[in-house]
Structures are given as C-alpha cells and as structure tokens.
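Novice: Can you keep this structure in mind? I'll have questions shortly.
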C-alpha cells in the first residue's frame, strides 16, 4: 500500500529550498534540497518523538576557501531548524 505525499510537507520543502537558493550559492542545486530535508528532519525527529532511534545525521558545511558562504548557509539552517542552533 502506498500513500500520497503530504502536500503541506512538499510545499514547506519547496519554500525552504527556495530560501536556501536565494541566500546560499551551492555547486549543485540538489544540495539546497538536502539542507531543506535536514531542517524538516529536526522538526520530525525531536528527542521526544524518536521512537527507538538512537542517532541522527549531522549537517556540516566544509570549504577550503574563506568567504564561500558557510556562515550564510548556517544562518538559514538556524532559522528553519527546530531548536534553532546557534551560530
């Protein structure tokens, strides 16, 4: 049995991806969608809702070049994530 995707979640992911693309330059646009999924993950899998999950993935930004937008990406993540991680 398959279920239809939740239109509200799809819309939220589209809007979050658009925010990432507006403020952060990625080498691949799919990376913006991955960041959006990670932000949604923070809302869906909070500690009280983990249901037997004992670990979760981290989102990290790496670059050998200063001034490439890592802080801008973290700023967008902090505004969209549950608990708003500090910069």
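Numbering (the working numbering), first residue to last: -5 to 81. Glycine is no exception: its CB is placed at the ideal position from the N, C-alpha and C atoms. This one's a predicted model, so the numbers in the text were calculated from it and none came from an experiment.
(1) Within 10 Å of its beta-carbon, does residue 74 have 16 or more other beta-carbons around it, so buried, or fewer, so exposed?
(2) Considering Cα atoms alone, identify which of 27, 59, 39 and 22 is closest to residue 13.
(3) For residue 37 versus residue 53, is the C-beta distance shorter than 8 Å?
(4) May I have a chain-ordered list of the beta strand (DSSP E) segments no shorter than 3 residues that lie completely inside the region -1 to 29?
(5) Going by beta-carbon coordinates alone, are residue 34 and residue 4 separated by less than 8 Å?
Specialist: The short version:
(1) For the purposes of this step, residue 74 is taken as residue 80 along the chain shown, with counting starting at 1. The residue is buried, with at least 16 neighbouring Cβ atoms inside 10 Å.
(2) Locating residue 13 in the chain shown gives position 19, where the first residue counts as 1. Residue 27 is the option with its Cα nearest to residue 13.
(3) Looking up residue 37 in the chain shown gives position 43. Looking up residue 53 in the chain shown gives position 59. Contact flag unset, no.
(4) none
(5) In the chain shown, counting from the first residue as 1, residue 34 sits at position 40. In the chain shown, counting from the first residue as 1, residue 4 sits at position 10. Result no, Cβ atoms of residue 34 and residue 4 do not sit closer than 8 Å.
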